[in-house]
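*Asks:* Quick note on numbering: numbering that gives the first Met the number 0 labels position 26 of the sequence shown as 25, and the sequence is numbered without any gaps.
Positions of the beta carbon are idealized from the N, C-alpha and C atoms, including for glycine.
Below you will find the structure I want to go over with you.
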Amino acid sequence: MIYGYVVRRVRSEDVEDVLQEVLRAIVERYSSFEGLSTEKTWTYSVCRFTVFKYYSRRNRENGEVALQAEGKLPPRGTEASPLDVLISGEKMELVRKLMNGLRPIDREILELRFVEELSFAEIAGILELESDEACRSRCRRALAAAQKRLRASPLSPAEA
């Protein structure tokens with residue numbers, strides 16, 4: 000859960016450092032956990048804040064925004080043909096471009112919902128939204144924006 004969240008948001012060479020910061024923050028702050036949300040939601044909030052601090056620090060150091068997704072290879076142990084790998088890579092590139100074109104909050108909501116498979120209530124807690132219904136509405140709008148970008152992309156859905 001924590002590893003996947005960090006890997007999708009941080010440059011590969013910085014993943015271990017950020018994971019260490021997340022785990023340290025969880026241990027240090029656990030005594031302040033009040034039980035107003037689930038431990039899972041609280042943990043995601045700590046992860047999210049730590050990744051935010053990573054980018055803030057990095058942007059200060061580099062003077063630029065570098066929120067770029069990195070290409071991923073198929074999981075080890077899977078046997079895919081070279082054509083499958085190529086097609087999968089092209090689809091991932093299309094999804095990556097589509098997601099990068101969304102507003103950061105929309106991208107985060109969609110990732111938490113469909114990649115992390117969190118409930119609307121959990122996402123609302125992590126993102127400090129008013130309610131799970133507000134989160135549900137934002138998710139619908141984010142999906143609509145993603146669909147609009149997909150329709151406007153040079154590849155038709157049949158080719159994707």
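#1: How far does the alpha helix (DSSP H) with D105 in it extend, from its first residue to its last?
#2: Under a CB-based cut-off of 8 Å, is G34 close to chain C?
#3: By the three-class DSSP mapping on this structure, what secondary structure does M98 have?
#4: Hey, T49 and V14 are a contact pair by Cβ (cut 8 Å); roughly how many whole angstroms apart?
#5: Which value, in whole angstroms, describes the spacing of the CA atoms of K96 and S152?
#6: Output the distance between the C-alpha atoms of S11 and A143, rounded to the nearest integer angstrom.
#7: Given a cut-off of 8 Å on the beta-carbon distance, is the pair I125 and S55 in contact?
#8: Whole angstroms are fine: how far does the CA of Y53 sit from the CA of A65?
#9: Using the rule of at least 16 other Cβ atoms within 10 Å of the residue's Cβ for burial, across every protein chain shown, is F119 buried or exposed?
#10: Assign E129 to buried or exposed, taking buried as 16 or more other Cβ atoms, counted over all protein chains shown, within 10 Å of its Cβ.
#11: Counting only the same chain and skipping the five closest in sequence on each side, list residues whose C-beta sits under 7 Å from that of I25.
#12: Give the DSSP-derived three-state secondary structure of A159 in the structure shown.
#13: Helix or strand or just coil, what does DSSP make of E115?
#14: Classify Q67 as helix, strand or coil using the three-state DSSP reduction.
#15: Quick one: what's got a C-beta closer than 6 Å to R7's C-beta in the same chain, skipping five residues either side?
*Replies:* So, from the data block:
#1: 103–109
#2: Among the chains in the structure shown there is no chain C, since it carries only a single protein chain.
#3: In this structure, M98 counts as helix in the three-state DSSP scheme.
#4: Contact between T49 and V14 is absent: CB atoms are separated by about 12 Å, not below the 8 Å threshold.
#5: 10 Å
#6: One C-alpha to the other measures close to 30 Å.
#7: no
#8: In this prediction, A65 scores a pLDDT of 38, lower than 50, which makes its location untrustworthy; no coordinate-derived value is stated.
#9: buried
#10: Exposed is the call here.
#11: Non-local beta-carbon contacts of I25 in its own chain, meaning distances under 7 Å to residues more than five positions away in sequence, involve T42, V45 in chain order.
#12: Annotation note: pLDDT 44 at A159 (below 50); position unreliable, no value reported.
#13: Looking at E115 - three-state DSSP - the assignment turns out to be coil, as it is neither helix nor strand.
#14: Bear in mind that a pLDDT of 38 at Q67, under 50, signals an unreliable position, so the number given afterwards is only what the model happens to contain. Coil at Q67, not helix or strand.
#15: none
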